[in-house]
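Below: the structure, in structure tokens.
In our numbering, the protein residues as written are 1 to 234.
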């Protein structure tokens, strides 16, 4: 009943501070699988997707004041999808993966969106891990390899000297914690999406995998903010 009450409040047009507080409470409650059973419905998933700006295909990310709401809604979706098989099935029905790829595109060349990007990638990782049909959709319909590789390239700040050769700068500073976390989430999602990709058929796929291999090599030469984070990145 508490979760349902929170979602009823979130469905209304309330203040940003109220939305964040409600979403933080829902995120904590959503760690309990028993609590999720009555609230994992199409309507409630759509409420969270709307708050995460996943239902607006055209609208850019402009209001920085809304970013904490987007992040908290994505965190809630991560917990719900991880803990609920019903939510995993609804994700396919609601075309959640396509909306996440679209949100990732909106994050390009934007400031203050690192947390949005990171939890978007984490959600794509979870979906590709837990639902084989979504994994297949990402690979075949949504250009998931390209989208995730570009997200990884952006997080690592790759500079190119040749088509498949990244610049090596041994004096560059370590990655920031946020960029490292984004890169790790992108790598995890890429692993799932490319899991069954041992047989490359087209020139475009061949180009995409050579491009990805160059970025992965660059990743291995990159250090994170701490020794533990560097190990996790590698």
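Idealized CB from N, CA, C, for every residue including glycine.
(message) Which same chain residues end up closer than 7 Å to residue 25 when comparing Cβ atoms and leaving out the 5 residues on each side of it in sequence?
(response) So the qualifying residues of the chain are 6.
(request) Work out the CA separation of residue 31 and residue 135 for me, nearest whole Å. (result) Spanning the two alpha carbons is a distance of roughly 24 Å.
(request) Tell whether a beta-carbon distance below 8 Å holds between residue 116 and residue 74. (result) Contact: yes.
(message) In the DSSP assignment, the beta strand (DSSP E) including residue 66 goes from what residue to what residue?
(response) That residue, residue 66, is in no beta strand (DSSP E); it is neither H nor E in DSSP.
(request) Would you mind sorting residue 213 into buried or exposed? The rule is 16 or more other CB atoms within 10 Å of its CB. (result) Burial call: exposed.
(message) Out of 169, 72 and 194, which one is the CA nearest neighbour of residue 140?
(response) Ranking the options by Cα distance to residue 140, first place goes to 194.
(request) May I ask you to list the residues that DSSP assigns as paired with residue 166? (result) In the DSSP assignment, the residues bridged to residue 166 are 160.
(request) Classify residue 125 as buried or exposed, calling it buried when 16 or more other Cβ atoms lie within 10 Å of its own Cβ. (result) Residue 125 is buried by the Cβ-count criterion.
(message) Just to check my reading of the structure: residue 215 and residue 158 have Cβ atoms closer than 8 Å, yes? What is that Cβ distance to the nearest angstrom?
(response) Right, their Cβ atoms sit about 6 Å apart.
(request) Using 10 angstroms around the beta-carbon of residue 177, count the other beta-carbons present and answer buried if the total reaches 16, otherwise exposed. (result) Residue environment analysis places residue 177 among the exposed positions, since fewer than 16 neighbouring C-beta atoms fall within 10 angstroms of its C-beta.
(message) I'd like the span of the alpha helix (DSSP H) that includes residue 5, first residue to last.
(response) Run containing residue 5: 2-11, per the alpha helix (DSSP H) assignment.
(message) I believe residue 99 touches residue 54 by the beta-carbon criterion, under 8 Å. Please report the beta-carbon distance rounded to the nearest angstrom.
(response) Residue 99 to residue 54, Cβ: 4 Å. Contact.
(message) In whole angstroms, give me the CA-to-CA distance for residue 79 and residue 118.
(response) Roughly 14 Å separates the two Cα atoms.
(request) Evaluate residue 234 with the Cβ neighbour count: other Cβ atoms within 10 Å of its Cβ, from every protein chain shown; 16 or more gives buried, anything less gives exposed. (result) It is exposed - the Cβ of residue 234 has fewer than 16 other Cβ atoms within 10 Å.
(message) Within 8 Å, do at least three Cβ pairs link the segment 90-99 to the segment 42-56?
(response) Look at the beta carbons and you see the segment 42-56 touching the segment 90-99: at least three pairs across the two are nearer than 8 Å.
(message) Assuming contact is defined by CB atoms lying nearer than 8 Å, are residue 153 and residue 221 in contact in what I supplied?
(response) No. Outside cutoff.
(message) Please give me, in chain order, every unbroken run of the beta strand (DSSP E) with length at least 3 that falls completely inside the segment 84-165.
(response) Counting only runs of 3 or more, we get 160-162.
(request) Could you spell out where the alpha helix (DSSP H) holding residue 16 opens and where it closes? (result) Note, residue 16: alpha helix (DSSP H), 16-29.
(message) Looking at the secondary structure, which residues open and close the alpha helix (DSSP H) in which residue 180 lies?
(response) Per DSSP, residue 180 belongs to the alpha helix (DSSP H) from 177-193.
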